[in-house]
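What follows is a single structure, written as structure tokens, with notes after it.
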């Protein structure tokens, strides 16, 4: 390679500089996390200059808190996307798991047990998704569309459409308490998010489960013939996604202090967007936890920024949709150029 | 003994197309079972069923006495499968692929949470790959960049990462070059010695005959025959594969030699087009079916003609050898004895007082001439029929012949004989001797060599490899075996015909160091080979 760049002397230094530029460009675009990070810095600077409230720690932590449950659910979603699937039921699962916990708490069950019940709900929906997709080989889009509708329907049916209020203080603390870390007061959900990010990151990056997750989409047959239980792997990934989504749902419910069947409506799109913007490829096989964190941050900052800038709330969904499309186009473009 | 694997009445269809019909099969520990059949006969589908990758339509599979519900995970039972096409995870590196599904790591209890120990896997993978003669500059290389042969060998390495009870091999040799095919065959023997059962499906009859104990023949998804490898021959198996039964009606047509080769080529082409047509049969086109029947008849006729021709050729050679033996005996018992008698008489005359000293000198000259004549005649006898081959066997005959040859020609010759050569059938021993004789004659006449090397080794208990190497000028560029007869050189042609008749394989190539390497591999009935320690 060195020889080749060295020999054409007549082209001279300008072409070397050009090549360097091209190389940097390629390197930048081959790591989507980097692009997203630059975009994040850009948007943050813009909002900081334009409004005087954006960089207040109050606003920053409110952004962080709101995006933490999206990010936690997006960790699960990104695993599903990496194995070449998709989970549309995440928003409904967030609402349902929060609601189930709330109902049990109101029924007098202790808070930890109620939380376990909520988590189990999420895991169960994920297990159903995974079984349908992995064992029966149905398309994930259809399966999770179905479970989304079912979960949402159950949430409405359980309470007749009414929200559950007056949740115990100890539960609400989970979402509302702030821990002093250094000079800042950091909301508890943010700490949960960071802990889970490390945990899921290790799971994906270090363990066999992670290795197989990244391998599954492109080399399912290789895994199959070398004796890896592919069906169990798929069920496990969807179940983990349901479980993580339930964690997000519980934190959201704790923060809001009320469990409504209408909660988290449309969040599945935010969650999928966070995963995709962060570099999880809809074509499978790619994605990372830091990327998902950045993706979720961008999504939340866009929402927050649009409010601070005084745009009507309806335009938010237009922005989110456009961002998703741009992210997918970028992914597609990158695939075509690297393959 | 309890069978390790028992498959009972297996059936499988793809849609409406049945691929495996009511096949039963038993495999015992330490047994090598061959699967033979044309492509499309259901070999691969059967392997997939036994590997647990397809759902059974009908039938049961028992492994070590336990009934299995398909699809099952074969590797969890100690069953390794080597498929026709290598399935690798393209974005993982070589050692990760070798250990895919059996990664070394910690903790070993919880398989999903196991953290792979890359360094140990690299080390182990390197150890296994060296056993397979595979060398890579780095085991961290992604397998996407490797050749199909390398990929196939990685899959074979994968089968060696953990203890196995049964190895199912589904004809991976298509992607392998000759040395790696041999490697696989020797691995199969090693596995067999370790007590592992092997199911070996192959399109290559030589491979099947070399290593299997038993050959099961499939045709159109059915099991049609089973042969014990020691008690069968190639013709019988081919007949079962193509489905002819009229071996007896061989019409002895003697064709010219070149039309024989053309006919064989034609037969290959016809067989190929038949395979293509058979694929179209799914459409159930009756016209095509008739055509195929016709083609099958023609192929049968050609097969019969080939067989007849080969039989005739074989008879011819046998007659020739008999004639030579007769001639040698005649010369030895009659002419030489007579000459010796004459010699004795002359000696008598020489002792007579009445003979003058001038005549005595004359007589001494004549007797010297007779002695030389007898020596020449003895050598001719030896060429016609090696004297030791009947009594002491091939090894001794070759030893004495090569010693003689080196003395006569002044070309230094090293001989490397397999110590466990054993006695082979007369026809094979003679053929090998003639091949070696012809090969050395070529070295003397054409190669301008200063040194030569003859080597006889068993490559398997049922095959012998003869190689003759020299340091001469090698083959001329553009060398073509089929044109030799036109130019009037029958030496190499004779070798190739003998090899073809014995069902062997001939390879001629120039060595990197210059000079010709002639290699002949001849299959023969099983002999007890004493394994040598250098065979790994």
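Protein chains in written order, with the numbering used here: chain E, 154 to 492; chain S, 1385 to 1920.
We treat Cβ as the ideally placed atom computed from N, Cα and C, and that holds for glycine.
Is it right to say residue 1615 of chain S is buried, meaning 16 or more other beta carbons lie within 10 angstroms of its own, or is it exposed? exposed
In angstroms, rounded to a whole number, what distance separates the CA positions of residue 1701 of chain S and residue 1877 of chain S? The alpha-carbon atoms of residue 1701 of chain S and residue 1877 of chain S are separated by roughly 14 angstroms.
Beta-carbon proximity check, residue 1595 of chain S vs residue 1844 of chain S, cutoff 8 angstroms: Cβ atoms of residue 1595 of chain S and residue 1844 of chain S: closer than 8 angstroms.
Would you report the Cα separation of residue 450 of chain E and residue 486 of chain E, rounded to the nearest angstrom? 23 angstroms
Report the option in S/1883, S/1846, S/1884, S/1800 whose CA atom is closest to the CA atom of residue 1853 of chain S. The candidate whose alpha carbon is nearest that of residue 1853 of chain S is S/1800.
Beta bridge counterpart(s) of residue 1552 of chain S as assigned by DSSP: Partner residues in the beta bridge of residue 1552 of chain S, as assigned by DSSP, are S/1465, S/1583.
For the stretch 376-391 of chain E, enumerate the residues whose C-beta is nearer than 9 angstroms to any C-beta of chain S, in chain order. Within the stretch 376-391 of chain E, the qualifying residues are 376, 377, 378, 379, 380, 381, 382, 385, 386, 389.
From the beta carbon of residue 1495 of chain S, is the nearest beta carbon of chain E less than 8 angstroms away? yes
Within 10 angstroms of its Cβ, does residue 421 of chain E collect 16 or more other Cβ (buried), or is it exposed? buried
So, does the CB of residue 372 of chain E fall closer than 8 angstroms to a CB anywhere in chain S? Chain S, which has a Cβ nearer than 8 angstroms to the Cβ of residue 372 of chain E, makes this yes.
Applying a beta-carbon distance threshold of less than 7 angstroms, which residues of chain B neighbour residue 1474 of chain S? No chain B is part of this structure, whose protein chains are labelled E and S.
Unbroken stretches of the beta strand (DSSP E), 3 residues or longer, contained in the stretch 337-425 of chain E: 337-340
Measure from the C-beta of residue 359 of chain E to each C-beta in chain S and report whether the shortest distance is under 8 angstroms. yes
Minimum C-alpha distance to residue 1830 of chain S - residue among S/1808, S/1409, S/1458, S/1856: S/1856
Could you tell me which chain E residues have their CB closer than 8 angstroms to the CB of residue 1458 of chain S, listed as they occur along the chain? Near residue 1458 of chain S (Cβ distances below 8 angstroms), the residues of chain E are 380.
Among E/473, E/414, E/458, E/391, which one has its Cα closest to the Cα of residue 228 of chain E? E/391
Excluding five sequence neighbours on each side, which residues of the same chain lie with their C-beta closer than 6 angstroms to the C-beta of residue 204 of chain E? Around residue 204 of chain E: 461.
Out of curiosity, what's the CA-to-CA distance linking residue 1416 of chain S and residue 1581 of chain S? 6 angstroms
State the start and end residues of the unbroken alpha helix (DSSP H) segment that holds residue 1413 of chain S. First-last for residue 1413 of chain S: undefined, no H or E at that position.
Is the Cβ-Cβ distance between residue 246 of chain E and residue 402 of chain E less than 8 angstroms? yes
Entirely within the stretch 1501-1563 of chain S and at least 4 residues each: give me those alpha helix (DSSP H) ranges in chain order. 1502-1515, 1532-1543
Segment contact, 8 angstroms Cβ cut-off, at least three pairs: the stretch 1547-1566 of chain S with the stretch 1465-1474 of chain S: yes
Measure how close the beta-carbons of residue 1838 of chain S and residue 1795 of chain S come, nearest whole angstrom, since I'm counting them as under 8 angstroms. The beta carbons of residue 1838 of chain S and residue 1795 of chain S sit about 11 angstroms from each other, so the pair does not count as a contact at 8 angstroms.
Alpha helix (DSSP H) segment containing residue 443 of chain E, residue limits: 442-461
For a contact meaning CB atoms closer than 7 angstroms, what does residue 1807 of chain S contact in chain E? What residue 1807 of chain S touches in chain E: nothing, since even the nearest Cβ is about 45 angstroms away.
How far does the alpha helix (DSSP H) with residue 232 of chain E in it extend, from its first residue to its last? That run of the alpha helix (DSSP H) goes 210-235.
Residue 1568 of chain S and residue 1532 of chain S: beta carbons closer than 8 angstroms? no
Selected residue, minimal CA-CA separation from residue 1720 of chain S, among S/1757, S/1506, S/1705, S/1423: S/1757
Step through the CB atoms of chain E and report whether any lies within less than 8 angstroms of the CB of residue 1549 of chain S. For residue 1549 of chain S, the nearest beta carbon of chain E is not closer than 8 angstroms to its own beta carbon.
Cβ-based neighbour list, residue 1440 of chain S, same chain, cut-off 7 angstroms, excluding 5 preceding and 5 following: Within the same chain, 1394, 1396, 1433, 1454 come within 7 angstroms of residue 1440 of chain S by CB-CB distance, once the 5 residues on both sides are set aside.
Locate the beta strand (DSSP E) running through residue 1608 of chain S, then write down its first and last residues. 1606-1612
Could you give the C-beta distance for residue 274 of chain E and residue 302 of chain E, rounded to a whole number, given that I count them as a contact under 8 angstroms? About 16 angstroms separates the CB atoms of residue 274 of chain E and residue 302 of chain E; that is not less than 8 angstroms, and the two are not in contact.
Which word fits residue 1385 of chain S, buried or exposed, when buried means at least 16 other C-beta atoms lie within 10 angstroms of its C-beta? exposed
When we look at the beta-carbon of residue 1602 of chain S and count the other beta-carbons within 10 Å, is it buried (16 or more) or exposed? A residue is called buried once 16 or more other Cβ atoms fall within 10 Å of its Cβ, and residue 1602 of chain S is buried on that count.
Could you confirm whether any beta carbon from chain S is found closer than 8 angstroms to the beta carbon of residue 284 of chain E? Answer no: the Cβ-Cβ gap between residue 284 of chain E and chain S never drops below 8 angstroms.
Residues in the stretch 1436-1449 of chain S with C-beta within 8 angstroms of chain E's C-beta atoms, listed in sequence order? In summary, the residues of the stretch 1436-1449 of chain S whose CB is separated from some CB of chain E by less than 8 angstroms are 1437, in the order they occur in the chain.
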